[in-house]
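S.K.: Submitted below is the structure of interest, expressed as structure tokens.
Numbering (full-length UniProt numbering), first residue to last: 1 to 121.
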């Protein structure tokens, strides 16, 4: 879908209302690296191996990050469409990195990571 600038005098609020009336809603795009078919196959295999886990999830710690307030307009169920995913590539970026974890029964303290973080560190 391609958008162009128009000067029709229609307000942003009117446009937003019309989009919502047609079933679209503004949501954050799924963030991630572009996946190859092999990546998708490996992810599916990983999930299949853990499909019956119950107690094992008590030992897992989840890590998340917040990346801003970008939104995409999409219908319910379209989250995985390529047009609704914001692909990003790894590389140096300014800022600080803070990590924290949430487990089944606990959470970790926040930790500031100095410098860069890669597969060796």
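For glycine and all other residues, C-beta sits at the position ideal for the given N, C-alpha and C.
Exposed or buried, residue 1, counting other C-beta atoms within 10 Å across all chains shown (16 or more means buried)?
M.R.: Locating residue 1 in the chain shown gives position 1, counting from the first residue. In this prediction, residue 1 has a pLDDT of 47, which is less than 50 and means its spatial position is unreliable; what the coordinates show is noted afterwards. Residue 1 is exposed by the Cβ-count criterion.
S.K.: Judging by CA-CA distance, which residue of 12, 108 and 29 is the nearest neighbour of residue 80?
M.R.: Along the chain shown, read from residue 1 onward, the residue named residue 80 stands at position 80. Nearest option by C-alpha distance: 29.
S.K.: Going by C-alpha distance, which of 27, 119, 107 and 117 is nearest residue 58?
M.R.: Along the chain shown, one-based indexing puts residue 58 at 58. It is 107.
S.K.: Suppose only complete runs of 4+ residues qualify. What are the alpha helix (DSSP H) ranges in the UniProt domain "Transposase Tc1-like" (9 to 50), listed by chain order?
M.R.: Runs of the alpha helix (DSSP H) inside the UniProt domain "Transposase Tc1-like" (9 to 50): 12 to 21 and 37 to 49.
S.K.: Roughly how many angstroms separate the alpha carbons of residue 87 and residue 71, rounded to a whole number?
M.R.: Along the chain shown, one-based indexing puts residue 87 at 87. Along the chain shown, one-based indexing puts residue 71 at 71. In a straight line, the C-alpha of residue 87 is about 13 Å away from that of residue 71.
S.K.: Could you give the distance in angstroms between the alpha-carbon of residue 125 and the alpha-carbon of residue 27?
M.R.: No statement about residue 125 is possible, as the shown extent of the chain runs from 1 to 121 and does not include it.
S.K.: I need the straight-line Cα distance from residue 83 to residue 22, nearest angstrom please.
M.R.: Position 83 of the chain shown, counting from 1, holds the residue named residue 83. Position 22 of the chain shown, counting from 1, holds the residue named residue 22. Rounded to the nearest angstrom, the two C-alpha atoms are 18 Å apart.
S.K.: Nearest-angstrom Cα distance between residue 95 and residue 43?
M.R.: If you number the chain shown from 1, residue 95 lands on position 95. If you number the chain shown from 1, residue 43 lands on position 43. Computed Cα separation, rounded: 30 Å.
S.K.: In terms of DSSP beta bridges, what is residue 87 paired with?
M.R.: As a working note, residue 87 is residue 87 in the chain shown. DSSP, once it has assigned bridges, lists 32 as partnering residue 87.
S.K.: In the DSSP output, what is residue 73 paired with across the bridge?
M.R.: Looking up residue 73 in the chain shown gives position 73. DSSP, once it has assigned bridges, lists 26 as partnering residue 73.
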